[in-house]
Amino acid sequence: SCDAAQLCNCSFMGLDFIPPGLTAKITMLNLAHNRIKRIQSQDLQQAVNLRTLLLQSNKISSIDEDSFQSLVKLEFLDLSNNSLAHLSPVWFGHLFSLQHLHLQGNFYRDLGESSPFSSLRNLSSLHLGNSHFSVIRQGNFEGIELLNKLWIDGRNLSEYEQGSLKLIKKINHMIINIKSVNVFSEIVRDLLHSVTWLEVRRIAFSVSAEMQPLRVMSSSFAKKISFRQTLLTDATVPDMVSILGDMPKLMELELIDCRLLGTGQWKMEIQANQSQTLKVFTIENLSIEEFYLFTDMQTVEGLISLFTRVTVRNTKVFLVPCSISKHLMSLEYLDLSANLLGDQSLEHSACKGAWPSLQTLNLSQNSLSDLEKTSKSLSHLRKLIVLDISQNNFGEIPDVCEWPKPLKYLNLSSTQIPKVTTCIPPTLEVLDVSANNLQDFGLQLPFLKELYLTKNQLKMLPGAAPIPNLVVMSVRKNKLNSFSKEEFESFKRMELLDASDNNFICSCEFLSFIHHQAGISQVLVGWPDRYICDSPLAVRGAQVGAVHLSLMECHRSLIVSLICILVFLVILILVVVGYKYHAVWYLRMTWAWLQAKRKPKRAPPKDICYDAFVSYSENDSDWVENIMVQELEQACPPFRLCLHKRDFVPGKWIVDNIIDSIEKSHKTLFVLSEHFVRSEWCKYELDFSHFRLFDENNDAAILVLLEPIQSKAIPKRFCKLRKIMNTKTYLEWPLEEEQQEMFWFNLKTALKS
């Protein structure tokens, strides 16, 4: 399980213990997702150079005190999602190099009376807590001064001793999963000057009274606040805005996967000084049940003028009020992707005077359908440089469009446009028209440096003359099959051409031409998984000079021809063998048998129509019809016999007739002769009886030997018939008239049984 770098992956192996034989060469050991219950002293004793130890998602409930004593070089230890009921400081006493420790998802209720981490002077990230974790005491974090990341799962945390986290002087990113607003307030009080980025998860702010304990946040020096899976209401939003507005160093605010109950009808007008530091505001996946009733948020117009970056993704935004857009005076970046903006609502949202400083706008995955209207609605944005309107359904593209004059980047990928026209602005430096239905590309774009044409229907490269300054071009997943010398030499400034996943014809001469004659400085860099041929010739990103084709890889047409001939010969051999060994016959009978198997083993008595179904060869019909039938059907009482000539249903498949007749008969009477075993339809009847009757170990079959049969004449596939004839009594037709009376007596007795 170890590679050349001594990285050993033993995850998902069902291990019940740490495997023996670990050596000093191992640097990484992954034992995650096993069934290990205990770590013993000797398990890791020899792994003195171990840097990473992954033990998450096991069943570990016991760790010997000196289990990690020899791991002085260990940097990453993951014990999350196990069954540890307590944490011992002795476990970590010799882990002087440990930087990352994950302990979340266990069963411990607290961290003990003292600090389990006092010797971990190099600790950078610490993950702890679980659904049982309820107490944090003073001294639990003694010995830790700096942390890049502290993650606490305190969903059921009910007791926090003041000053417990104050021992940590600096935390770059603090994540806390908590429900109690009061406990959260006590924690924030200890983190006022130490946390740079505070992320709060799964907390609910339902009523205004719950916001009072959070007033302490106004004094926090945090630069970024994130709320994930948080509940807000119309009653608590004004208080939250007021608290955040008073934070002296807050620069960024995030609301991700949150829920808002209300329609923006704030119960009190927001009273807050405009934050002079808050510049970045992000909302993603915000759930508003009655989003269609949401108001225009006039109460917050005065708070947003200094925002420079705003993201509102996947929040069912169908309109940005014009007044809000006009107040975003400093906005440079706006992401409204994955919303419900249409052509008319965009025209209102981007009204005259809106977003005067905007440089980047993302409107991808909305409901835009008219490219001419979209371009016109944005044409007044005098500073707009980057525009992403991908994954909208424009369908058609006009010949003339009105765009912002400074526009340099335009993303029109996945917009269902069938062609490109002069609607595309000539000022572009980067154009992405991937995943459309383009057959060609011939636009005059003199300033274009990057062109992305992935997943189209191109059969030839775009001409170089209309795009003389092109540096990067991607034509992956098109229908290109070759390049000409002129096409290559015309791209004077090309540095990277990605043309993988096309239909190039493999040729050593073509490969040599590309390598030696092309004018591109880095020819065909970045071909994933295959180069020109359909074979894995080079690693991702290899250049032409590093690729060497074998003789077989250069003659694909010859290989394809040989494969076709080989496939034809295999099919021909299978047909011949199948004909010789009756493969078709076996298949037909198997199908009939499978259908019969689904029916009841025995027909109900009311469905029995005949005393016996008679199976015989047409060559024996004279004896059967003129002698046996006369004798049995004119007996007293008469027997009812089923004969294929007389009783089969016309138009029904003969195999179905055979199966139904046997099932509706009390007995099956076989008239065996040399002609019988050579008859195709007798084989069907006998084969069905083989499966249906003989396998049931009953006496439903009666064998009448009309003439002596050589054993070799019986087909080998009817091995059970051979066995029955060798082990059970059958009736043999006597040629002497005086013995025939006894024959008829025995036959009638068998039919009555």
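Here the UniProt record's numbering is used: the first residue of the sequence shown is 1, the next is one more, and so on. Virtual Cβ for every residue (Gly too), placed ideally from N, Cα, C. None of the values given here were measured: they were computed from a predicted structure.
C-beta contact flag for residue i and residue j at 8 Å
i      : j      : result
Val671 : Asp611 : no
Phe227 : Val200 : yes
Lys326 : Ala354 : yes
Leu255 : Leu286 : yes
Leu363 : Leu336 : yes
Glu347 : Ser375 : no
Leu157 : Ser185 : no
Thr52  : Phe76  : yes
Leu87  : Phe68  : no
Asn82  : Ile60  : yes
Ile187 : Tyr160 : yes
Leu22  : Gln40  : no
Same chain only: Cβ atoms within 7 Å of residue i, ignoring 5 sequence neighbours per side
i           : result
Ser80       : Gln56, His102, Leu103, Gln104, Gly105, His127
Asn148      : Ser124, Ser125, Asn172, His173
residue 755 : For the chain, the structure presents residues 1 to 753; residue 755 sits outside this window and is missing.
Cys423      : Leu371, Ile397, Pro398, Asp399, Val400, Cys401
Arg155      : Ser131, Asn177, Ile178, Lys179, Arg202
Residue range of the alpha helix (DSSP H) that includes residue i
i      : result
Ile60  : Segment: none, Ile60 is in no alpha helix (DSSP H) and carries neither H nor E.
Thr206 : A small correction: the amino acid at residue 206 is Ser; Thr does not occupy that position in the sequence shown. No alpha helix (DSSP H) contains Ser206, which DSSP labels as neither H nor E.
Val183 : 181-190
His380 : Counting along the chain, His380 falls outside any alpha helix (DSSP H), and DSSP gives it neither H nor E.
Asp440 : Where Asp440 is concerned, there is no enclosing alpha helix (DSSP H), given that its DSSP letter is neither H nor E.
His348 : 343-349
Ser323 : 322-327
Same chain, Cβ closer than 6 Å to residue i, neighbours up to 5 away in sequence not counted
i      : result
Glu450 : Val430, Val472
Lys419 : none
Asp388 : Asn362, Ser364, Asn411
Ala272 : Annotation note: pLDDT 49 at Ala272 (below 50); position unreliable, no value reported.
Leu293 : Thr263
Asn478 : Asn456, Leu458, Asn502
Euclidean distance between Cα positions of residue i and residue j
i      : j      : result
Lys169 : Leu146 : 6 Å
Lys224 : Leu381 : 30 Å
Arg38  : Ile63  : 6 Å
Val310 : Phe205 : 23 Å
Pro650 : Tyr616 : 19 Å
Phe743 : Ile702 : 13 Å
Ile532 : Leu480 : Legend: pLDDT at Ile532 = 40, less than 50; position of this residue unreliable, value from coordinates given subsequently. Distance between the alpha carbons of Ile532 and Leu480: 11 Å.
Glu737 : Phe613 : 26 Å
Arg109 : Ser131 : 9 Å
Gly519 : Asn436 : In this predicted model, Gly519 has a pLDDT of only 47, less than 50, meaning its place in the structure is not dependable enough to derive any value.
Thr427 : Ala464 : 17 Å
Ser661 : Ile709 : 26 Å
Gln444 : Ile417 : 18 Å
Thr454 : Leu340 : 27 Å
Asn502 : Ser275 : 54 Å
Tyr579 : Trp623 : 34 Å
Lys373 : Leu407 : 16 Å
Ser119 : Ser97  : 10 Å
Leu706 : Ile627 : 12 Å
Lys752 : Ile654 : 28 Å
Residue i, enclosing beta strand (DSSP E) - first and last residue
i      : result
Arg228 : 224-228
Trp91  : It is not in any beta strand (DSSP E) - Trp91 carries neither H nor E in the DSSP assignment.
Leu303 : From DSSP, Leu303 is part of no beta strand (DSSP E); its letter is neither H nor E.
Ser615 : 610-615
Gly129 : 125-129
Phe670 : 665-672
Val430 : 430-432
Leu751 : Note, Leu751: premise wrong, no beta strand (DSSP E); alpha helix (DSSP H) at 737-752.
Asn450 : Note that residue 450 is Glu in the sequence shown, not Asn. Start and end: 450-452.
Val624 : Taken as a continuous stretch (DSSP letters only), Val624 belongs to no beta strand (DSSP E), as it is neither H nor E.
Ile243 : No beta strand (DSSP E) contains Ile243, which is instead part of the alpha helix (DSSP H) from 237-245.
Ala47  : Segment: none, Ala47 is in no beta strand (DSSP E) and carries neither H nor E.
Beta-carbon proximity list for residue i, same chain, < 8 Å, skipping 5 on both sides
i      : result
Ser114 : Pro89, Gly139, Asn140, Glu142
Val539 : Only weak support is given to the placement of Val539: the predicted model assigns it a pLDDT of 32, under 50, and the value that follows is read from those uncertain coordinates. Here the set comprises nothing.
Residues that residue i bridges to, as DSSP identifies them
i      : result
Glu252 : Lys224, Val280
Arg309 : Val280, Tyr333
Val200 : Ile176, Phe227
Ile171 : Leu147, Val195
Cys642 : Phe613
Arg259 : Leu231, Ser287
Tyr160 : Ile136
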